[in-house]
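Step one of this worksheet: look at the structure below.
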Amino acid sequence: MDAFISLANGLTIAIQPMNLLFALVGVLLGTAVGVLPGIGPALTVALLLPITFKLDPGGSIIMFAGIYYGGMYGGSTTAILINTPGESASMATALEGNKMAKAGRGGPALATSAIGSFVAGTIATIGLTFLAPFLVELAIQFGPEDYFALMCVAFVTVSATFGDSPVRGLTSLFIGLALGLVGIDILTGQSRLAYGVPELFDGIEVTTLAVGLFAVGEALYVASRRHIHEEKLEPVRGSLWMTKQDWKRSWKPWLRGTALGFPIGALPAGGAEIPTFLSYSTEKKLTKHPEEFGHGAIEGVAGPEAANNASAAGTLVPLLTLGLPTSATAAMMLAGFQQYGLNPGPLLFAERPDLVWGLIASLFIANAMLLVLNLPLVGLWVRLLAIPQPWLYAGILVFATMGTIAANPSPVELMMLSAFGVLGFLMRRFDYPIAPVVVGLILGPIAESQLRRALSISLGDPMVLVQSPFSAILLLIALVALILPFFLKGMGRFKAAED
Amino acid sequence: MTRRIDVAGLVIAFILLAIAGAIWWDMSSLSISSVYGVGPKAMPMIVAVGLAILALGNAVMAFRGELPARDSLDWKPIVLILGGLAALIALIRFGGGFIFATSILFAATSTAFGRRAIITDLVIGFVIGVVVYLLFSKLLTLSLPVGPLERLI
Numbered sequence: 002m003d004a005f006i007s008l009a010n011g012l013t014i015a016i017q018p019m020n021l022l023f024a025l026v027g028v029l030l031g032t033a034v035g036v037l038p039g040i041g042p043a044l045t046v047a048l049l050l051p052i053t054f055k056l057d058p059g060g061s062i063i064m065f066a067g068i069y070y071g072g073m074y075g076g077s078t079t080a081i082l083i084n085t086p087g088e089s090a091s092m093a094t095a096l097e098g099n100k101m102a103k104a105g106r107g108g109p110a111l112a113t114s115a116i117g118s119f120v121a122g123t124i125a126t127i128g129l130t131f132l133a134p135f136l137v138e139l140a141i142q143f144g145p146e147d148y149f150a151l152m153c154v155a156f157v158t159v160s161a162t163f164g165d166s167p168v169r170g171l172t173s174l175f176i177g178l179a180l181g182l183v184g185i186d187i188l189t190g191q192s193r194l195a196y197g198v199p200e201l202f203d204g205i206e207v208t209t210l211a212v213g214l215f216a217v218g219e220a221l222y223v224a225s226r227r228h229i230h231e232e233k234l235e236p237v238r239g240s241l242w243m244t245k246q247d248w249k250r251s252w253k254p255w256l257r258g259t260a261l262g263f264p265i266g267a268l269p270a271g272g273a274e275i276p277t278f279l280s281y282s283t284e285k286k287l288t289k290h291p292e293e294f295g296h297g298a299i300e301g302v303a304g305p306e307a308a309n310n311a312s313a314a315g316t317l318v319p320l321l322t323l324g325l326p327t328s329a330t331a332a333m334m335l336a337g338f339q340q341y342g343l344n345p346g347p348l349l350f351a352e353r354p355d356l357v358w359g360l361i362a363s364l365f366i367a368n369a370m371l372l373v374l375n376l377p378l379v380g381l382w383v384r385l386l387a388i389p390q391p392w393l394y395a396g397i398l399v400f401a402t403m404g405t406i407a408a409n410p411s412p413v414e415l416m417m418l419s420a421f422g423v424l425g426f427l428m429r430r431f432d433y434p435i436a437p438v439v440v441g442l443i444l445g446p447i448a449e450s451q452l453r454r455a456l457s458i459s460l461g462d463p464m465v466l467v468q469s470p471f472s473a474i475l476l477l478i479a480l481v482a483l484i485l486p487f488f489l490k491g492m493g494r495f496k497a498a499e500d
Numbered sequence: 333m334t335r336r337i338d339v340a341g342l343v344i345a346f347i348l349l350a351i352a353g354a355i356w357w358d359m360s361s362l363s364i365s366s367v368y369g370v371g372p373k374a375m376p377m378i379v380a381v382g383l384a385i386l387a388l389g390n391a392v393m394a395f396r397g398e399l400p401a402r403d404s405l406d407w408k409p410i411v412l413i414l415g416g417l418a419a420l421i422a423l424i425r426f427g428g429g430f431i432f433a434t435s436i437l438f439a440a441t442s443t444a445f446g447r448r449a450i451i452t453d454l455v456i457g458f459v460i461g462v463v464v465y466l467l468f469s470k471l472l473t474l475s476l477p478v479g480p481l482e483r484l485i
């Protein structure tokens, strides 16, 4: 098996002491920042990008892998203990998890979420190991028109198909695409929408956008409604350990959650929100203890948590094999690769197998580290949650501006950061999704160059886009996925029904 | 429940339309210079047209009053945080240095979140600033903006 050999090579890279250290730092940082309310893994990676750009790419990317999984774990801790999920993927966990914590069963809730994440993460990473080489084989044959069509599917699914409102999702996406236009056009050297500002010639920095939207925007939003909403931290009482009964009720939801999460994450279907809620409603239907749902049923934590982690690993399939990010966190990972001049895709598998397989192997290691470290360290994470809110957000803003200052100490860059903060605040207030903006900014210029490449090969004949059967089918899928939600107004509303 | 026209929604729709207009106007000043296929104008055209259509969609939602419900809003903390950011930008622009800028932003944000201990928070922000400055400039060899204080360290 080729995948085995590649993975074994990856493992020899990942267990080098330096790389183990990077993975450990990533896991700890990711969990620590992920635990902070309102901060997800996307922001964690965005905050760290400017600081790591002088480090060696292999080590940094391994660290990002640790952050990716660690941030996910930290987010669920917050969801269980204070019921303010940092990201939409943890919303399903909060439903039952917070009830369990209120009933004094916070320990088992955290345990089932940690062990479930480990089981799901490991199975899904094995899935990634075997699926990736197949997709790479396939992707080698793709022409620019196929890539363009793939990106159209990603655009539509990320923004329109699975959100609450396709119009709002598409609005976010197009704001991102518009921001992606800024800068000098590579093919002709003409500047677009830069208005002579030198900071804009290279385009808008993804990290500036992400940190502005997520960190500054979140701080403004929380501050503006502090008078309405007080958070309450549930102390972890009683035993951390799961009883025999808990194990019995958890293992099937773990596996079912994995089975839902990985394929949906691997398809460009827009992040972890759908599988987690699908898993929640599945467990609610299948449970032998329906009376406990709504009052803290362990199945309702085990399933969605597994689905969340499995889909996180699934998201790495299109990211690594096709260079296609389908969530804000994946978009930040892509930005992390680009910072070192690396472009994920079939070529990277051929040119830098050490890097790709080192990363995949590190995912296994990060996953195991999380399991070993996090349950003993839960007291530390809880103490992080107890930081007074004013200091917490003051600290977040200091670190947010610091990253920008370290990367580019220019007042213009900081003004852009503040402006994106205001944008993020307004989008939260008016309920526009934020991930499509980030995906639009990073994927828009790539989609444009693929489109132009396809059309220049065909000497300007637009029929090239539908002549390859693959791209024709993908464009059809994108079209259906775009139009369908307008007819099925009820779709994607199952979230509201679960509350 | 009577549905009322949502003024804020209309403003959003208008802003989207204005952005679409700005992109179109910027695009029309480009000169086409690719021989085959589409030039640098195609993508701005797609984005501008898309934004204009979405402006229409948002306007329809606003007229129908379909925007999600919003909570009441407290403006003071927003002004404080943005003020802190403005002070930070000004200090860095005019050579006040990283540490003072950080200290002010920390205190402003903390006040925005309801703390009433500005002096203490200025000191905390100052200490964070010093630690970060040392960490960055000595350990990571990243250069942060220097002011009078940083030159002393």
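Here the protein sequences line up with chains F and Z, keeping their order. When we follow my numbering, the leftmost residue of the first sequence carries the number 2, and every step to the right adds one. When we follow my numbering, the leftmost residue of the second sequence carries the number 333, and every step to the right adds one. Quick reminder that beta carbons are idealized off the backbone N, C-alpha and C, glycines included.
I need the DSSP call for G427(Z), collapsed to helix, strand or coil.
Taking the second sequence and counting its residues from 1, one reaches residue 427(Z) at position 95. Here G427(Z) sits in coil by DSSP.
Say whether chain F places a C-beta atom closer than 8 Å to the C-beta of L348(Z).
For the purposes of this step, residue 348(Z) is identified with residue 16 of the second sequence, where counting begins at 1. By this cut-off, L348(Z) is an interface position.
If I measure Cβ to Cβ from G425(F) and keep anything under 8 Å in the same chain, skipping five residues before and after, which residues do I get?
Residue mapping note: residue 425(F) aligns to position 424 of the first sequence, counting from 1. So the qualifying residues of the chain are G213, L214, F215, V217, G218, E219, L221, Y222, I435.
Determine whether the Cβ of F438(Z) lies closer than 8 Å to any Cβ atom of chain F.
Within the second sequence, the letter at position 106 stands for residue 438(Z). It does: the Cβ of F438(Z) has a partner Cβ on chain F nearer than 8 Å.
Looking at the C-beta of V503(F), does it have a partner C-beta in chain Z at a distance below 8 Å?
Since the first residue shown for chain F is 2 and the last is 500, residue 503(F) is missing from the structure and cannot be characterised.
Quick one: list the residues of chain F neighbouring V464(Z), beta-carbon separation under 7 Å, in chain order.
For the purposes of this step, residue 464(Z) is taken as the residue at position 132 of the second sequence. Correct list: M403.
Have a look at W392(F) and T452(Z) and give me their C-alpha separation to the nearest angstrom.
For the purposes of this step, residue 392(F) is taken as residue 391 along the first sequence, with counting starting at 1. For the purposes of this step, residue 452(Z) is taken as residue 120 along the second sequence, with counting starting at 1. Looking at the two C-alpha atoms, the distance is approximately 11 Å.
Which residues in the same chain have their Cβ closer than 6 Å to the Cβ of V455(Z), if we skip the five residues on either side of it in sequence?
In the second sequence, residue 455(Z) corresponds to position 123, counting from 1. Counting only Cβ-Cβ distances below 6 Å, and skipping sequence neighbours, we find nothing.
I need the DSSP call for S192(F), collapsed to helix, strand or coil.
For the purposes of this step, residue 192(F) is identified with residue 191 of the first sequence, where counting begins at 1. DSSP places S192(F) in strand when its eight states are reduced to three.
Give me the Cα-Cα distance between L386(F) and L37(F), rounded to the nearest whole angstrom.
Counting from 1 along the first sequence, the entry for residue 386(F) is found at position 385. Counting from 1 along the first sequence, the entry for residue 37(F) is found at position 36. Using only the alpha carbons, I get a separation of about 6 Å.
Nearest to M370(F) by alpha carbon, out of F263(F), L398(F), V120(F), M416(F)?
Residue 370(F) sits at position 369 when you count from the first residue of the first sequence. Out of F263(F), L398(F), V120(F), M416(F), V120(F) has the C-alpha closest to the C-alpha of M370(F).
DSSP has G184(F) in a bridge; who is on the other side?
By one-based count along the first sequence, residue 184(F) stands at place 183. According to DSSP, which records beta bridges pairwise, G184(F) is partnered with R193(F).
Please confirm whether T452(Z) has its beta-carbon closer than 8 Å to some beta-carbon of chain F.
Position 120 of the second sequence, counted from the start, is the residue given in the question as residue 452(Z). Not an interface residue.
Measuring only between beta-carbons, confirm whether M152(F) sits less than 8 Å from chain Z.
The residue labelled residue 152(F) in the question sits at position 151 within the first sequence. Cβ-Cβ to chain Z under 8 Å: no for M152(F).
Would F445(Z) be called buried (16 or more neighbouring beta carbons within 10 Å of its own) or exposed?
In the second sequence, the residue the question calls residue 445(Z) occupies position 113. Burial call: buried.
Buried or exposed: which applies to K373(Z), given that a residue is buried once 16 or more other Cβ atoms fall within 10 Å of its Cβ?
Within the second sequence, the letter at position 41 stands for residue 373(Z). Counting Cβ neighbours within 10 Å, K373(Z) comes out buried, since at least 16 surround it.
Spell out whether any CB of chain F is found under 8 Å from the CB atom of I410(Z).
Along the second sequence, read from residue 1 onward, the residue named residue 410(Z) stands at position 78. Answer yes: the Cβ-Cβ gap between I410(Z) and chain F drops below 8 Å somewhere.
Note down the Cα distance separating G266(F) from V34(F), rounded to an integer number of angstroms.
Your numbering for residue 266(F) matches position 265 in the first sequence. Your numbering for residue 34(F) matches position 33 in the first sequence. Spanning the two alpha carbons is a distance of roughly 23 Å.
Taking only beta-carbon positions, decide if F495(F) is within less than 8 Å of chain Z.
Taking the first sequence and counting its residues from 1, the one referred to as residue 495(F) is at position 494. Its pLDDT being 43, under 50, F495(F) is placed unreliably in this model, and the coordinates cannot settle the point.
When the Cα atoms are used, what is the spatial distance from L210(F) to D247(F)?
Translated into the one-based positions of the first sequence, residue 210(F) becomes position 209. Translated into the one-based positions of the first sequence, residue 247(F) becomes position 246. Answer to the nearest angstrom: the Cα atoms are 43 Å apart.
Can you give the Cα-Cα distance for G11(F) and F365(F), rounded to whole angstroms?
Your numbering for residue 11(F) matches position 10 in the first sequence. Your numbering for residue 365(F) matches position 364 in the first sequence. Taking the straight line from one Cα to the other gives about 11 Å.
Taking only runs that begin and end inside the region 69-130 of chain F, name each unbroken alpha helix (DSSP H) of 4 or more residues, in chain order.
List check, alpha helix (DSSP H) in window: 92-103.
Just checking: is the beta-carbon of A313(F) within a distance shorter than 8 Å of some beta-carbon in chain Z?
The count along the first sequence starts at 1 and reaches residue 313(F) at position 312. No - not a single Cβ of chain Z is within 8 Å of the one on A313(F).
Put L488(Z) into one of helix, strand or coil per three-state DSSP.
The structure shown does not extend to residue 488(Z), since chain Z spans only 333 to 485, so no value can be given for it.
Checking contacts by CB at 8 Å: is F175(F) closer than that to chain Z?
In the first sequence, the residue the question calls residue 175(F) occupies position 174. It does; some Cβ of chain Z falls within 8 Å.
When the Cα atoms are used, what is the spatial distance from I63(F) to N20(F)?
Mapped onto the first sequence, residue 63(F) falls at position 62. Mapped onto the first sequence, residue 20(F) falls at position 19. Those two C-alpha atoms are separated by around 7 Å.
Residues of chain F with a CB under 9 Å from the CB of L405(Z): which are they?
The count along the second sequence starts at 1 and reaches residue 405(Z) at position 73. Per Cβ cutoff of 9 Å: S225, R226, R430.
Using CA coordinates, which residue listed in G98(F), G128(F), A66(F), G59(F) is at the minimum distance from S77(F)?
By one-based count along the first sequence, residue 77(F) stands at place 76. Residue G98(F) is the option with its Cα nearest to S77(F).
Check whether the Cβ atoms of A313(F) and Y69(F) sit closer than 8 Å, and answer yes or no.
Looking up residue 313(F) in the first sequence gives position 312. Looking up residue 69(F) in the first sequence gives position 68. The answer is yes: Cβ separation under 8 Å.
For the candidate residues R227(F), A93(F), P437(F), A161(F), whose alpha-carbon lies nearest to that of I478(F)?
As a working mapping, residue 478(F) is identified with position 477 in the first sequence. Selected option, being the one with the closest Cα: A161(F).
Evaluate the contact criterion for the region 189-209 of chain F versus the region 321-341 of chain F: three or more CB pairs, one atom per stretch, below 8 Å.
They touch, by the three-pair rule.
CB G262(F) to CB E284(F), shorter than 8 Å?
Translated into positions along the first sequence, residue 262(F) becomes position 261. Translated into positions along the first sequence, residue 284(F) becomes position 283. For G262(F) and E284(F), no; Cβs fall outside 8 Å.
Among F426(Z), I351(Z), V478(Z), T434(Z), which one has its Cα closest to the Cα of A395(F)?
Here residue 395(F) is taken as the residue at index 394 of the first sequence, counted from 1. Of the candidates F426(Z), I351(Z), V478(Z), T434(Z), the one whose C-alpha sits nearest the C-alpha of A395(F) is T434(Z).
Is there a C-beta anywhere in chain F that falls below 8 Å from the one on G479(Z)?
By one-based count along the second sequence, residue 479(Z) stands at place 147. Not closer than 8 Å to any Cβ of chain F, the Cβ of G479(Z) fails to qualify, so no.
Along the region 95-109 of chain F, what residues have a CB closer than 7 Å to any CB found in chain Z?
So nothing in the stretch comes that close.
Entirely within the region 409-472 of chain Z and at least 4 residues each: give me those alpha helix (DSSP H) ranges in chain order.
With a minimum length of 4 residues, the continuous alpha helix (DSSP H) runs that stay inside the region 409-472 of chain Z are 430-444, 450-466.
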